[in-house]
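To keep things clear, I will list the structure first and then write my remarks on it.
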Amino acid sequence: MKVLTQAQLNGWLDGLARERMLVAPVDVDGKLLYRQVNGSDGISWGFERTVMSPKTWTFPATEPILTIEQGEESTIQPAAALAPTVVFGVRPCDARGALAIDALFLDKDPSDGRYAQHRDATRLIGLACPQMWETCFCTVVGGAPNGTQGLDVLLTEIDGGYAVQAITTEGDALVAGMPGDERDPVLPEPKLTQDLPVLHSGGEWTARFGELYWERLGDRCLGCRICTFVCPACRCFDVRDEVVSRQPGRQVFERLRAWDACTVPAYRRIAGGHNPRPTQFSRLRNRFYCKFVYYPEDFGPLGCVGCGRCIDACPVGIDILEVIAAVEQMAEGAE
Ligand code: SF4
Ligand code: SF4
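Structure, rendered in structure tokens:
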């Protein structure tokens, strides 16, 4: 295993930024976000969790996917090619979030072309968490603070530097020229949060679908979408055409893809105005059932990786870990 000092890592990142687009956690007016950097300068180290996940680089919040020109002859231009990109400082939960999104966009036929381009162009270098932070619960949903799933490379902070594990062949290629020594240090064990609730099976959730609990919980929900937007595993989107220019006989549109959220009324509304989820509680309930029942049934992975962002971000204190605990209590109460 390669071991390198902070100075060596900084130098390597400086070199990487000259070859590819380098994205890393940066303090933007007091908020930690993944932003393009010119090298190691400006990278925030020792952070807990960014406000937005690195999903913003592989599945942007709003993105043109086509340009359509209508005139005497109409043309369709695909979106511009993507620059090779490395996202540095990815937490293991967020890398699992990328895998959760892959299950829909890449692992099903047909795959999503634009998303595939993003994933092909982007390598993920992880930074292991030394502990679970206040609202983290990755271990409840099958992850770990030092997990490697979804990462190309994982760096673990050790005394005097970092230990480097290449996880994929792309990761091998990425770290091939890295400075440092070859040795096998003992990696620190992350500090885990104890006494977390147990996530019950989809069947236990399904049996609780009609409980009054959901109405009481949903009564608080504002439908503000924040929980969806901060989530590394949410992947619903809407598509719309925006006029770029309009002249007699010639119009240009951009077809935009933008994040959508199941907690808003318009999400499920269908032709004729009927809405199968007419109440806020039914929409919020769907958010949790999607994550723990429908998505794993249909696509494999859970729709939650336990990052805790939605717990921190919800303006009315709706806490997904409390929801998991409530289902656990309801299941135990029924025994
Ligand atoms: S804790 Fe919330 S934001 Fe994080 S993965 Fe789960 S649902 Fe998404
Ligand atoms: S659960 Fe909280 S963050 Fe999510 S839509 Fe409702 S109020 Fe907003």
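Heads up, the sequence shown is in the numbering used here, so the first residue is 7 and it goes up one at a time.
For every residue, glycine included, the Cβ atom is placed at its ideal position computed from N, Cα and C.
Neighbourhood of residue i by C-beta distance below 6 Å, restricted to the same chain and skipping five residues each side
i	result
R274	N281, P282 and R283
Q261	Here the sequence assigns Arg to residue 261, which means Gln is not the residue at that position. I71, L72 and D247.
A267	R231 and T234
CB of residue i within 8 Å of CB of residue j, strictly
i	j	result
L110	R241	yes
V299	G208	yes
L160	I330	no
F94	V32	no
Q14	P185	yes
G156	R102	yes
P116	R26	no
L133	A122	no
L198	T145	yes
A319	I107	no
P196	I164	no
C142	G309	no
Residues near residue i in its chain [Cβ-Cβ closer than 7 Å; skip 5 each side]
i	result
C316	C233, V236, C237 and I326
I173	T154, L157, D158, V159 and L160
Per-residue burial, residue i [other beta carbons within 10 Å of its own, 16 or more giving buried]
i	result
N152	buried
A169	buried
Q253	exposed
L218	exposed
I137	Rather than Ile, the amino acid found at residue 137 in this sequence is Gln. So Q137 counts as exposed.
Q335	exposed
A179	exposed
T64	buried
T175	exposed
S59	buried
R293	buried
S80	exposed
W220	buried
Coarse secondary structure for residue i, derived from DSSP in three states
i	result
R315	helix
A277	coil
F94	strand
A13	helix
T269	coil
R241	coil
E195	coil
F259	strand
R129	strand
T81	strand
P302	helix
A182	coil
K8	strand
D225	coil
Closest Cα partner of residue i within the set the options
i	options	result
R226	R291, R189 and R41	R291
G224	R256, V270 and A23	V270
L105	L22, S288, L130 and I164	L130
L228	F287, E195 and A67	F287
G216	A319, V333 and I107	V333
D20	V92, T145 and R120	V92
E338	V43, V322 and W211	W211
Proximity test, residue i beta-carbon vs ligand 4 heavy atom, cut-off 7 Å
i	result
G312	This structure simply doesn't include ligand 4; it includes ligand 1 and ligand 2 instead.
Any chain E beta carbon closer than 8 Å to residue i
i	result
L38	This model lacks chain E altogether; it includes just one protein chain.
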